[in-house]
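Written out below as structure tokens is the structure these notes cover.
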Amino acid sequence: MASNRTGGPLTPAVLHILLALSTQERHGYGIMKQVESDSRGKVRMGPGTLYGSIRRMTDAGLIRESEKKIDPNLDDERRVYYSITALGQQSLAAELQRYRQVVAVAHERSLIPRAMGA
């Protein structure tokens, strides 16, 4: 994973995980399902990719383990929930801005019709 403290690009896995955590805390399986939903089934993250990315993202300060459970009465207490940090939010925002700039260039060159990528 690129050094996000310097604003480097995110890997696709990291981008998808940050997107999944941008709206609420989730456990690993919940992240996997949200990534699949967000990508409309085009991205299916396996446990190795997910938990390897989570470990690196935690070490980099992009996400952290949550101190609370969503609903301990309805959930498996072994599940670990994760939340996005301020650095993770900044990294996600920077990456999304990079994507916007790339799409703008593609529009300028008429590579993407305006109705498709606006």
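Residue numbering for the sequence shown follows full-length UniProt numbering, starting at 1 and increasing by one per position.
Every residue, glycine too, gets a C-beta built ideally from N, C-alpha and C.
My understanding is that residue 54 touches residue 82, with C-beta atoms under 8 Å, so please give their C-beta distance in whole angstroms.
Here residue 54 is taken as the residue at index 54 of the sequence shown, counted from 1. Here residue 82 is taken as the residue at index 82 of the sequence shown, counted from 1. Confirmed, Cβ separation roughly 7 Å.
Of all the alpha helix (DSSP H) runs that stay within the bounds of the stretch 20–96, which reach a length of 4 or more residues?
Here the runs fully enclosed are 28–38, 47–60.
Can you tell me whether residue 9 is helix, strand or coil according to DSSP?
To locate residue 9, count along the sequence shown from 1; it is residue 9. In this structure, residue 9 counts as coil in the three-state DSSP scheme.
Go ahead and label residue 102 buried or exposed: buried means 16 or more other beta carbons lie within 10 angstroms of its beta carbon, across all protein chains shown.
Within the sequence shown, residue 102 is the residue found at index 102, counting from 1. Looking at its Cβ environment, which holds fewer than 16 other Cβ atoms inside 10 Å, residue 102 is exposed.
Can you give me the C-alpha to C-alpha distance between residue 40 and residue 60, rounded to a whole angstrom?
By one-based count along the sequence shown, residue 40 stands at place 40. By one-based count along the sequence shown, residue 60 stands at place 60. If I take the Cα positions, the gap works out to 28 Å.
So is residue 13 buried or exposed if we call it buried at 16+ other beta carbons inside 10 Å?
Residue numbering aside, residue 13 sits at position 13 when the sequence shown is read from its first letter. Buried.
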